[in-house]
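*Asks:*
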Amino acid sequence: MIQTLSEKHADFFDQVYAVVRLIPFGRATSYGAIASYLGVKRSARMVGWAMHGAAKHAGVPAHRVVNRNGYLTGSIHFESPNQMAELLEGEGVQVVDGRIVDFKKVFWDPFVELAID
DNA sequence: TGGCTGACTTTCG
DNA sequence: ACGAAAGCCAGCC
């Protein structure tokens with residue numbers, strides 16, 4: 000739960016996992032958006048680094064996390080470079096040349112979707 | 001134990 | 001407008 004993020008002093012990784020898990024089907028977000036949501040936008044790299052552990056965390060759709068341009072930069076860390084793209088396409092997200100088409104449309108902004116008050 | 005590296009983003013020159 | 005550098009923090013030699 001998101002509310003527990005601010006309540007509990009969970010590890011940075013756990014917070015990232017929690018947010019990533021909330022990404023709806025057919026949507027995607029960026030490392031920076033998650034980092035910013037967690038209040039450490041400058042640590043966007045850590046979000047990506049956190050995904051290293053996300054692979055062993057079931058239920059964490061790491062393929063729905065891309066860089067701010069919609070490029071599947073993390074695809075190289077999947078079982079195969081095209082694994083990430085195929086997963087996204089399987090969710091109806093069109094991917095061309097390692098980049099999400101109309102990323103702004105499929106972009107899932109935690110600040111908006113989670114409606115922070 | 002200490003230092004390097006990294007699935008990024010932003011800002012300064 | 002483009003290129004380079006910094007900042008973030010935890011895991012892994």
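Quick note on numbering that gives the first Met the number 0: the first sequence kicks off at 0 and runs consecutively.
Even for Gly, the Cβ is constructed at its ideal location relative to N, Cα and C.
Which residue wins for smallest C-alpha separation from Phe-106, given the options Arg-63, Gly-38 and Met-50?
*Replies:* Here the closest residue by C-alpha is Arg-63.
*Asks:* Suppose you measure from the CA of Glu-85 to the CA of Asp-10; what does that come to, to the nearest Å?
*Replies:* Straight-line Cα distance between these residues: approximately 30 angstroms.
*Asks:* Between Ala-34 and Ala-43, what straight-line distance do the alpha-carbon atoms span, to the nearest angstrom?
*Replies:* Rounded to whole angstroms, Ala-34 to Ala-43 spans 5 angstroms at the Cα level.
*Asks:* Please state the DSSP three-state secondary structure of Val-100.
*Replies:* Val-100 falls in the coil class under three-state DSSP.
*Asks:* How would you call Ser-74, buried or exposed, if buried means at least 16 neighbouring beta carbons within 10 angstroms?
*Replies:* So Ser-74 counts as buried.
*Asks:* What residues are listed by DSSP as bridge partners for Phe-106?
*Replies:* DSSP output for Phe-106 lists Ala-27 as bridge partner(s).
*Asks:* Tell me the DSSP secondary structure of Val-18 in three-state form.
*Replies:* In this structure, Val-18 counts as helix in the three-state DSSP scheme.
*Asks:* Can you give me the start and stop residues for the alpha helix (DSSP H) that Ala-84 sits inside?
*Replies:* First-last of the alpha helix (DSSP H) with Ala-84: 82-89.
*Asks:* Between Met-45, Val-100, Met-83 and Leu-87, which has its C-alpha nearest Pro-23's C-alpha?
*Replies:* Out of Met-45, Val-100, Met-83 and Leu-87, Leu-87 has the C-alpha closest to the C-alpha of Pro-23.
*Asks:* Can you tell which of Gly-38, Gln-14 and Trp-48 has its C-alpha closest to the C-alpha of Thr-72?
*Replies:* Closest option to Thr-72, Cα to Cα, is Trp-48.
*Asks:* Would Pro-80 be called buried (16 or more neighbouring beta carbons within 10 Å of its own) or exposed?
*Replies:* So Pro-80 counts as exposed.
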